[in-house]
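Down below is the structure, laid out as structure tokens.
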Amino acid sequence: MQNVVTIFALSVWPFVSIILFVRLPLHAAVAWTILGGQLLLPVGATIKFTMVPGFDKATIPSLCILVGCLLSGAKRAGVRKMGLIELLLAIAIFGPIATSELNGDTLFFGDRVIAGVGLYDAISAVQIAAISLIPFFVGRRYFRDEASNIVLFKALVSGMAAYSLLLLFEVRFSPQLHNWVYGYHPSDFVQAVRSGEFRPMAFMGHGLIAAKFVLLALLASVSLWMSSNDKREFRRFSVLFAVMIYFCRTLAVFLYAAILVPLIALVRLRFQIRVAVLIASLALLYPTMRTLDIFPTKTLLESARSVSEDRAQSLQVRFDNEDQLLAHALQRPWFGWGRYGRSRIYNEYGKDISVTDGQWIITLGQFGVFGFVAQFGLLSIGIFRARRAMSRTATPRDRYLLSALALMMAVIVIDLLPNSGLEPWTWLMCGALVGRTDALLTGRSGRPSQATTLPT
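Sequential numbering from 1 applies to the sequence shown in full-length UniProt numbering.
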């Protein structure tokens, strides 16, 4: 979807980022460039040129922070030796080349013909992967100390507090802001209605994404509340986001909040890290458990049925589709089927009968085991490293922030089992967690100590 308004919004964002990098310290400029793009730019609109990936609400802010950081003159962490993280990055970026080499065959499903993928598709996939990981690189290099993580948390809290006004407006008047401003609905309007009530999304594209960001803001505000000297401000924010969780009307997010908020507020920090590790481990093992048929699907279906028959039926459809897609993915297990619908299921007439909700099955089907391990490994590795890094933190607040960031990443990873979508903000948080654990485990903070804004 694109029109004059969407093209203008996308085109003006680099100039907005220039203003942010000139006027704000580096960490704040990075955070607001990424978060602002997520909160305000149009969904589904793309500025496309030949031979390069499209410029949209994900790629434009990512490229902006890359240029801004390079021009800022801030010192960065030194070049690292090849390790597990570098290996995962290499697979995530260059693995699609192997996928393309192994999927040159044409597929036939009834009247549908799907061409094989070649060198052009490989180059395109590498470009997309590299651009999508820019926030990870920036987070890892620049968000390496307590102060930078505080900036990250405060940006999320203040940004979502202001955004709550838009969400509350849509709770009352229906999710229409994206349609009014940009001229179209970013998703099926039916999905914005739950039990006769509206589920807000503003400019996020879907109510699930908006609910996830409210949850992340809630966890960040509770962490700042517990670790700050001035507790009143963040206590108010926490109450606001708790109310917004209710209005977002997303059961999974409500359950996440009900478990994680008391965990952050009442439980010892080391136990919080153990819970984060457990959650991440479950997400990493989920494809294996589904393949071996040892995941308790029947128990979950019975639990869902006790809440609502509709939810149970929806979950049953999800599991059935996962079974079919997983069986198809395992025909080319290591590097997958590639993009352009090759990993999906078609009937004898060539009709697409797939429902791909979870990021894990999308990645596994398109890029195989190597792609899944690279993507989910990068998202999870900071969580496992946080357990070792916790003992090296210098202040109680640093420990709270590290624990909360690990829990936030854990809930993002587990949410990628039923849902899809990896926003730039997710990769920025992931990079910040890896960067902070890097600094703690090596004893080098790598904090920018020279220019923190662009020269004027």
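Ideal Cβ placement from N, Cα and C applies to all residues, glycine included. None of the values given here were measured: they were computed from a predicted structure.
Contact between the segment 61-69 and the segment 129-136 (3+ Cβ pairs under 8 Å): yes
Own chain partners of T437 with C-beta closer than 6 Å, once the 5 adjacent residues on each side are dropped: G382, R385, A386 and A389
CB of Q2 within 8 Å of CB of A45, strictly: yes
Y400 - DSSP class collapsed to helix/strand/coil: helix
Reference R332, options G104, L266, L66 and T250, closest by Cα: G104
Span of the alpha helix (DSSP H), counted from its first residue to its last, around F15: V4 to R23
I294: first and last residue of the uninterrupted alpha helix (DSSP H) it sits in: Unbroken run through I294: none, as it is neither H nor E.
D323, DSSP secondary structure in three states: helix
L107 (DSSP reduced to helix, strand or coil): strand
DSSP state of R447 mapped onto helix, strand, coil: Confidence at R447 is low in this model, with a pLDDT of 48, below 50, so the placement of that residue should be treated as unreliable; the coordinate-derived value is given next. Coil at R447, not helix or strand.
Stretch-stretch touch, CB-based, cutoff 8 Å, three pairs: the segment 253-261 with the segment 297-312: no
Nearest residue (CA-CA) to E101, options F335, V373 and Y346: F335
Spatial distance of S314 from I114 (CA atoms): 29 Å
Beta-carbon gap between P53 and T6 smaller than 8 Å: no
Backbone secondary structure at I47 - three-state DSSP: strand
Integer-rounded CB distance, given that A92 should sit under 8 Å from Q375: 6 Å
Length of the line joining the Cα atoms of N229 and M409: 25 Å
Distance between L10 and P448 (C-alpha atoms, nearest Å): At P448, the pLDDT of 45 sits below 50, so the modelled position is not reliable and the matter cannot be decided from this model.
Contact set for Y286: own chain, Cβ-Cβ below 8 Å, skip 5 residues either direction: F295, W360 and L417
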